[in-house]
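Encoded as structure tokens, the structure appears first; notes follow it.
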Amino acid sequence: MDEAENDLRLIAVMRRYFAVRDELAGLKSALEDKRKAAGIAVGEFYHVRADNQHAKDVSRTVALRRELEFLMSLAEGWSRGDIIHLAPSAE
Numbered sequence: 002m003d004e005a006e007n008d009l010r011l012i013a014v015m016r017r018y019f020a021v022r023d024e025l026a027g028l029k030s031a032l033e034d035k036r037k038a039a040g041i042a043v044g045e046f047y048h049v050r051a052d053n054q055h056a057k058d059v060s061r062t063v064a065l066r067r068e069l070e071f072l073m074s075l076a077e078g079w080s081r082g083d084i085i086h087l088a089p090s091a092e
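Residue numbers (this note's numbering): 2 to 92.
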């Protein structure tokens with residue numbers, strides 16, 4: 002793979018990173034607004050194992066954070082000269 006192709010992959014990674022970051026920010030803001038409106042304590046509201054109508058959204062924030070970490074690790078690898086692999090290897 003040439004450098005230009007790897008650079009294009011970095012651009013794709015960073016576009017996804019910023020899209021996920023924006024989604025996460027919106028979701029966190031919406032959740033916090035709902036929590037405040039309901040007058041529920043932070044620990045109770047964000048406890049996903051409790052009978053919580055927002056558990057799916059709370060779990061989604063965790064998944065988005067993990068994706069951000071993964072995408073940033075790809076970008077950091079690129080800065081060290083690593084090849085970015087966007088799809089699972091066929092090997």
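From the three backbone atoms N, C-alpha and C, an ideal C-beta is built for every residue, glycine too.
Roughly how far, in whole angstroms, is the beta-carbon of residue i from the beta-carbon of residue j, given that I think they are within contact range, below 8 Å?
i   : j   : result
V14 : L69 : That pair is no contact at about 11 Å.
L87 : R10 : 6 Å
So the alpha helix (DSSP H) residue i belongs to, where does it begin and stop?
i   : result
N7  : 4-39
D83 : No alpha helix (DSSP H) contains D83, which DSSP labels as neither H nor E.
Note down, in chain order, each residue of its chain lying with its Cβ closer than 8 Å to the Cβ of residue i, except the 5 sequence neighbours on either side.
i   : result
A39 : F46
L25 : T62, L65, R66, L69
V43 : R36
Here's a check: name, in chain order, each residue in its chain whose Cβ is nearer than 6 Å to the Cβ of residue i, leaving out the five neighbours to either side.
i   : result
A56 : V49
L75 : V14, I85
Using C-beta distances below 7 Å, list every residue in its chain close to residue i, excluding the 5 sequence neighbours before and after it, in chain order.
i   : result
I84 : M2, N7
Cβ of residue i within 7 Å of any heavy atom in the ligand SAH?
i   : result
E24 : Inclusion of the ligand SAH in the displayed structure is not the case, the ligand content being empty and no account of it being possible.
Of the choices the options, whose alpha-carbon is the least far from that of residue i?
i    : options           : result
K58  : R17, R16, L9, R36 : The sequence shown places Asp at residue 58, not Lys. It is R36 whose Cα lies nearest to the Cα of D58.
S103 : I12, D23, L28     : Lying before the first or after the last residue shown, residue 103 is absent from the chain, which here runs from 2 to 92.
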